[in-house]
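J.: Reminder that position 96 of the sequence shown reads as 96 in our numbering, one-by-one numbering, no gaps. The beta carbon of each residue, even a glycine, is placed where N, CA and C say it ideally should be. This one's a predicted model, so the numbers in the text were calculated from it and none came from an experiment. So that we are looking at the same thing, I have put the structure below in structure tokens.
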Amino acid sequence: MNLMTTKVRTLSASAAAALSLSLSLAFVSHVQAAAPQAITAKDAWVRWLPNNLPAAGYVTLVNAGDKPVDLVDVSSSDYGDAMLHQTVSNGSSQKMVMVDKLTVPAHGQVAIAPGGYHLMLEDAKHKIAPGDTVHLKLKFSDGATLDTPFAVKSPAQTK
Ligand SMILES: [Cu+2]
Numbered sequence: 001m002n003l004m005t006t007k008v009r010t011l012s013a014s015a016a017a018a019l020s021l022s023l024s025l026a027f028v029s030h031v032q033a034a035a036p037q038a039i040t041a042k043d044a045w046v047r048w049l050p051n052n053l054p055a056a057g058y059v060t061l062v063n064a065g066d067k068p069v070d071l072v073d074v075s076s077s078d079y080g081d082a083m084l085h086q087t088v089s090n091g092s093s094q095k096m097v098m099v100d101k102l103t104v105p106a107h108g109q110v111a112i113a114p115g116g117y118h119l120m121l122e123d124a125k126h127k128i129a130p131g132d133t134v135h136l137k138l139k140f141s142d143g144a145t146l147d148t149p150f151a152v153k154s155p156a157q158t159k
């Protein structure tokens, strides 16, 4: 009788150990999922142009992480079309080229700024005017998505 009681106790002790192991595993994966995003966005603004001309979005992306992260996609609920472009100088003329991805270096930052990169915004879904705020979704290679507010400015405000 004594022996049996001991055996039951041993079993339930290992069952408790197994339960506590799975609990701590669940805790670990929860902590990973809640880890802070490596990338943050700052100084986000849009250069608005009249007459439904395409607008250009500018933003600085800051990477606090240990690995480089790529900006891989841009979309917006305010524009039908949003894409990453680069202005390339060809001697006396300039042209825009599509860019598939933009790398934000580890512990560094990259500026999407006039004269270099811009987020081309076309086909506004509603009336947008200087003073408004539009939202762009920036998707990154680490799986993160930043829903970023951009302040809309007139060309006169940005000179
Ligand atoms: Cu462009």
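Is H204 near ligand 1, with its Cβ less than 7 Å from a heavy atom?
T.: Past the edges of the chain, shown from 1 to 159, lies residue 204, and the structure says nothing about it.
J.: Quick one: measure Cβ to Cβ for P54 and L102, integer angstroms, because I've assumed they're closer than 8 Å.
T.: As a position in the sequence shown, residue 54 is number 54, starting the count at 1. As a position in the sequence shown, residue 102 is number 102, starting the count at 1. Contact flag wrong, Cβ pair sits at about 19 Å.
J.: So, are the CB atoms of V69 and L84 less than 8 Å apart?
T.: By 1-based counting over the sequence shown, the position of residue 69 is 69. By 1-based counting over the sequence shown, the position of residue 84 is 84. It is not a contact, given that the beta carbons lie outside the stated cut-off.
J.: In the DSSP output, what is N90 paired with across the bridge?
T.: The residue labelled residue 90 in the question sits at position 90 within the sequence shown. Note: N90 sits in a beta bridge opposite S93.
J.: Give a yes or no on contact between the segment 86–96 and the segment 130–146, applying the rule of three or more CB pairs nearer than 8 Å.
T.: Judged by Cβ distances under 8 Å, the segment 86–96 makes no contact with the segment 130–146, as fewer than three pairs qualify.
J.: Taking a contact to mean a Cβ-Cβ separation below 8 Å, would you say A190 touches G65 in this structure?
T.: Here the chain has residues from 1 to 159 only, and residue 190 is not among them.
J.: Apply the 10 Å Cβ neighbour rule to T145 and answer buried if 16 or more other Cβ atoms are within range, or exposed otherwise.
T.: Reading the sequence shown from its first residue, position 145 is the one you call residue 145. Result: exposed.
J.: Out of A41, A124, G116 and F140, state which residue places its alpha-carbon closest to the alpha-carbon of K67.
T.: As a working mapping, residue 67 is identified with position 67 in the sequence shown. Nearest option by C-alpha distance: F140.
J.: Measuring CA to CA, which of L49, G108, T60 and W45 is closest to P149?
T.: Residue numbering aside, residue 149 sits at position 149 when the sequence shown is read from its first letter. Of the candidates L49, G108, T60 and W45, the one whose C-alpha sits nearest the C-alpha of P149 is W45.
J.: Work out the CA separation of H118 and Q86 for me, nearest whole Å.
T.: Within the sequence shown, residue 86 is the residue found at index 86, counting from 1. Within the sequence shown, residue 118 is the residue found at index 118, counting from 1. Going from the Cα of Q86 to the Cα of H118 covers about 6 Å.
J.: Please state whether the Cβ-Cβ distance between I160 and Y58 is less than 8 Å.
T.: Nothing about residue 160 can be reported from this structure: the residues present for the chain run from 1 to 159 only.
J.: Take the Cβ of V88 as the centre, count every other Cβ of all protein chains shown within 10 Å, and call the residue buried at 16 or more, exposed below.
T.: Residue numbering aside, residue 88 sits at position 88 when the sequence shown is read from its first letter. Exposed is the call here.
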